[in-house]
Structures are given as structure tokens and as C-alpha cells.
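One structure is given here, and the rest of the page talks about it.
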Amino acid sequence: MTDNTMLEVRNIKRDYELPGGLFKPKKIIHAVKGVSFKLERGKTLAIVGESGCGKSTLARMLTFIDEPTGGELLIDNKIVDTRPGHLTQDMRQKVQIVFQNPYGSLNPRQKIGDVLGEPLAINTDMSAAERRDRASEMLTKVGLGPEHYNRYPHMFSGGQRQRIAIARALMMNPKLLVLDEPVSALDLSVQAQVLNLLADLQDEFNLTYVFISHDLSVVRYIADEVMVMYFGEAVEYGTRNEVFSDPKHDYTRTLFKATPKADIESIRARVEKKKAAAAA
Amino acid sequence: MALLQIDNLTVEFETATGWFRAVDGVSISVEKAEVLAIVGESGSGKSVAMLAVMGLLPWTAKITADRMLFEGRDIQNISPAERRKLIGKDIAMIFQEPVASLNPCFTVGFQIEEVLRIHLGLDAKARRARAIELFSQVGLPNPEERLNHFPHQMSGGQCQRVMIAIAIACNPKLLIADEPTTALDVTIQKQILDLIMALQAKNGMGLIMITHDMGVVAETADRVVVQYKGRKMEEADVLSLFENPKSNYTKALLAALPENATGDRLTTVSAFFEGNPEPAPGVSA
């Protein structure tokens, strides 16, 4: 029996404590209230929800930026000890993250080559020349060129910067990539390019994606499985077809209803309704 | 007579490498009570064209146009004092970042009453009553209490509602909404769009909706202008634009929508241009 599970999360929780004041009692915010899921190698799980629903907190826990306050996290069928100081370097290399805003996540004073070489310099004992080769190679893989090696982030467009952020995440050959709204800051045409790039890279490296988004049309396109979060809880979890064809929870239905429809029938219906209202 | 008529508008900025043309010979007209959507990617000049109408561009910008008329009145060469009387009263604008466009140092009540004081000259009591009325019109709960709140005490959706309340305070004839929902969640986006459309229908405003989201266009517009690199690519009513796009660029944009994906890769705009000739300048429908 081969178990192909890349990532398993069991009842994971995260509470944030707000310190109280002289007359204000201490307050505990339950950002993530017990979420469980399993994700197979090479698949994409999309996490959907509005701002403040805990989806980014979940991403931070998956990438060991935040420590869960409860529950278990299994990567490659091994329980991860997430306590500070107990994380192995090996584990850290397996999981990488791409952030939402490519304008904020790159150091403006660092050349692109150094951005890509830094993970190697910290985690491996590669020589500078080797690091340089690896960085140039990765630049070509994400659709940029070796000529971009010595440029600074401000010399790139939003889509190119997101490619750089993806390249940086891939430098350590991770198995699991957490993408926190990677295309929501990008234009439609650039969004299509970055989504295609992600699909190409997934095929090439057999990557597993956790894709966080609030755009349902993107999710429908990229995801194998979908989880909908609402106030820290997973209210809906299933394969893409299950969730999109038969949403169980009220919030999921609200979400579908709120998504603008760009098909011709709904536009025609709207135009006719408006005409009728104008005539009346 | 059109509410707003712009003929052959060109906006240029001086850069180190010469003049950069952000808007290149664009003509736009909006009728009374009409919803016009201007679609384009960032850098297509859609916001700059509207900022030129509002007179909000820095003095370094070179604006030329054959005609810029609002209700038949020239707004290209009017004095700053005249313009201040017009802007905010008859032409109002909603910006993309609601939290950034409100002043963090003043309560939202002060900011909305300022508009009422300057443009309508209402006294303190009338101003307060009207502000409460406006806040309840845009669906803010507890309007009286809200007036004393600062922008940081409210969520993004609430701030956008305040912005809308300020914009419609003087019953403008033309409302320009510059990506009003880009910074908001889908569910909030729906509420804000519904609100803007309801106010537009009720007050009979002309509305220019600037956006890059084809979904927003489909949900709101009567007529659509597609812009690319400062040029107008296509102008059509909303149904024929989606049903039968004329310009290659519009076709490419529609093909890049994830919901129109065929196969396991998306058609990108540049890939689309490779198989098709680059659109000729100023292609019209």
C-alpha cells in the first residue's frame, strides 16, 4: 500500500491572546478553530474565505511562521514538532511560501540574484559560483532570464516580481508550496501567465500546492480540492466538483451568489430587467 | 446633449527619456443616467483620463483635448475657483483605496459635513441631519454614532460606504467610480456594487465605472470602453461586447478569464497576440 499523502492537518488551532489593560480583561481570539484536512502529493488545495476568516493564519502555521496552539501537523506522514528550536532544517526546506503582495515581499535594496541565492547561502555550503548558476537557472524556469540577475526589484513589473517570489520559494526544492493570494494583486492578463507558470512548475517538480484565494473563478480553475473557511472554521471541504456543484453551507452559497457573473445569459437578463424597469 | 463629452483627449508626462503618453487620443461620452464602464489593465490610462476630467493631475502633466464638455460647458480651461465649485458637487469621484482616501485626522462626520458646508452652505443643524440621512442611505448602521468615528475605527467596506456617502452628498450629476471594489472581499464587493447601482438608478446619475474586472463590467455597465496602453480599443454596449467582441485585445481579455479556460492552461493576452496581428491604433467597433 502506498500512501501518497503529502500534508495532513488534524484539528489544528491557533488562538491569539490580546493582553488586557487596567480595566480591560484579557481577550482570546480564536483565529483558527480546529481545521482538519489531507492533501495528496501533486494536488492543489484551495482555501477560500473573506478577510479575517483565518486563512492566512492557517498558511502561517503550515509554513511554521506561527506555532499552532493545538492539533497536529503531518508532513510526509511525519508529525512536525513545531515548537521553536525543534524544527529540523530538513522540514523547513520542504515547505515554502509565496506572499500576496510582490511589492512588499521583496527587499528593495537586494539584487534579484541575492534574493534567490540567500536561501542557498544560509542552508547549504554551496560556493558562490554554484549559487549563481542555480539562481540563473531558476530565473529561466520562471520565465525571466539570466540578464535579470543583477537588477533590483523596482525594475520589475508586478507579474515579474511575483515570478521572482515564486523562484525564491523554489530555490530549496520544496515539496509543498503555500501560495497566499499569489495573483490577487495582478492584472487579468498577468494573472493568466502566473497561473500557467504555477501549473507548469507543478507538473515539472510534482509540487503540492495550498492555494489561498478569495477569487472563486481562479479557484475553480486551479484547485483539485476546495475548503471554505468562515470565522476560523472549515465550513465546507470537498473536491472541486462537489463544492461547486452542490454547496452545503449557507456561507458558500452566499459566496457563489456574490461572485460577478460574466456569462452572456446573465448579462442579457440584467439588461432586459433594466429596460423593463426604465419602461415602467 | 451628452452629460460629459471628451474628444481626442491626450495626457502626457515628462520623463527622463522624453514625453510619455499615458492617454492617447481617447474620446468618451456619457449620457444622463447612463452607466459607462472603462476597462483596461494597469497602465492603460483609464484612471489618468478621468483624473484629467476632475483636474486632479499634477501640473507637470500636459493635457490636450479637442473638447472637454460637461453639460455643454467647457471644463478644460476653467479657472481653479470655478472648477472647485463644480468638482464634488456636480461631478464626484470614488477612489480605489477607501481607507487611504479618507483623512485619518478627522472624524468621518466632519469630512462629510465639510462637503455640505462648502457646496451647499447648510448650517450646522441641517448638515448633521443630512449627514445622518446620507449614512443611513448607504447602509451604515447607527449613523448618529458613526459620525463621531475616525476612519481607522471602521472596516474597509464601511470606509467605502462613507466615501460613497461623501460623493453623493450633493446629488452629483456624474459619479466617477475608480475601481471602487478592488480592495474589498467578494461578498462586500457585491453589497457595494448593489448600493452604487441602486443610488445610480434612484438619482438618475451618470456613472463612469473604471475597473479591470470583467465580472464587474458584466454586472453593472450599459456601455463599455476597452482601453489598452492609452488607446481606445473598442466601444460597444455590454451585451455585444461579451457576445461578439470586435477587437483582438477584447477577445484576448475574455479568453484570459479563468472561467473561460479550455484545456488545462489559460490563454494569455500575449499568446493571443502572437497568433493574431497587433491591434491597429484606435480600433473602433
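Quick mapping for you: the protein sequence lines, in order, are chains Z and A. Note that our numbering numbers the first sequence so that position 199 is 199, with each residue one more than the last. Note that our numbering numbers the second sequence so that position 58 is 338, with each residue one more than the last. Beta carbons are placed, not taken as given, at the ideal position from N, Cα and C, and that holds for glycine. Source: prediction; values computed, not measured.
Of the candidates Z:Ala121, Z:Arg132, Z:Asn107 and Z:Val98, the residue whose Cα lies closest to the Cα of Z:Gly113 is Z:Arg132. DSSP, reduced to helix, strand and coil, places A:Ala404 within a helical segment of the structure shown.
Nearest to A:Asp346 by C-alpha distance, out of A:Gln285, A:Gln471, A:Lys526 and A:Arg511, is A:Gln285.
Minimum Cα-Cα distance from A:Leu455 among the listed residues A:Ala447, A:Val549 and A:Leu382 corresponds to A:Ala447.
Collapsing the DSSP output to three states places A:Gln438 in a helix.
As for any beta strand (DSSP E) of minimum length 3 sitting wholly inside the stretch 439-523 of chain A, the runs are 454-458, 486-491, 503-508 and 511-517, ordered along the chain. Per DSSP, Z:Ala234 lies in no alpha helix (DSSP H) segment; the continuous beta strand (DSSP E) that holds it begins and ends at Glu233 to Thr239. Z:Met172 carries a coil assignment under DSSP once its states are collapsed to helix, strand and coil.
Just so you know, the alpha carbons of Z:Lys94 and A:Met348 end up roughly 59 Å apart. The beta-bridge partner set that DSSP reports for Z:Glu50 is empty. Using a Cβ-Cβ cut-off of 8 Å, A:His429 does not count as an interface residue toward chain Z, since no Cβ of chain Z sits closer than that to its own. DSSP places A:Met330 inside the alpha helix (DSSP H), whose first and last residues are Lys326 to Met334. Contact holds between the stretch 255-269 of chain Z and the stretch 457-473 of chain A, because three or more Cβ pairs, one in each stretch, are under 8 Å apart. DSSP, read as helix, strand or coil, puts A:Val395 in helix.
Between A:Asn528 and the set A:Met330, A:Ala329, A:Val506 and A:Gly510, the nearest pair of CA atoms involves A:Val506. CA-CA distance, Z:Glu204 to Z:His214, rounds to 26 Å. Rounded to whole angstroms, Z:Asn77 and Z:Leu216 show a C-alpha spacing of 30 Å. Considering only A:Gly305, A:Ile318, A:Thr340 and A:Ile308, the residue with the shortest C-alpha distance to A:Ala296 is A:Thr340. If you draw a 10 Å sphere on the C-beta of A:Cys385, you find fewer than 16 other C-beta atoms in it, and that means exposed. Apart from sequence neighbours up to five positions away, the residues of its chain that approach A:Gly389 with a beta-carbon distance below 7 Å are Ala411, Leu427 and Asn428, ordered along the chain. Proximity of Z:Gln160 to chain A, defined by a Cβ-Cβ separation below 8 Å, is not satisfied. Taken through DSSP and simplified to helix, strand or coil, Z:Leu62 comes out as helix.
Judged by beta-carbon spacing, A:Gly325 lies beyond the 8 Å limit of A:Arg363, meaning their Cβ atoms are not closer than that value.
In chain order, Gln191, Val194, Leu195 and Val218 place their CB closer than 7 Å to the CB of Z:Val183, counting only its own chain and leaving out the 5 sequence neighbours on each side. Taking the Cα positions, Z:Met227 is about 14 Å away from Z:Leu179.
Assignment of beta-bridge partners to A:Gln285 by DSSP yields A:Ser309 and A:Leu349. Under the three-state reduction of DSSP output, A:Phe300 falls in the strand class. Contact check for A:Cys450 against A:Leu414 fails: the beta carbons are separated by 8 Å or more. Think of a sphere of 7 Å around the beta carbon of Z:Arg109: no beta carbon from chain A falls inside it, the nearest being about 22 Å out. Judged by DSSP in its simplified three-state form, Z:Thr208 adopts strand. Less than 8 Å separates the beta-carbon of Z:Pro153 from that of Z:Leu106. Per the coordinates, the alpha-carbon of A:Ala478 lies some 19 Å from the alpha-carbon of A:Phe375. Among the residues facing chain Z, A:Leu546 is included, as its CB has a counterpart in that chain under 8 Å away. A:Ala535 has its alpha-carbon roughly 41 Å from the corresponding atom of A:Ser416. In the DSSP annotation of this structure, the continuous segment of the alpha helix (DSSP H) that includes A:Thr530 starts and ends at Asn528 to Ala535.
Residues of the stretch 373-385 of chain A whose Cβ lies closer than 9 Å to any Cβ of chain Z: none.
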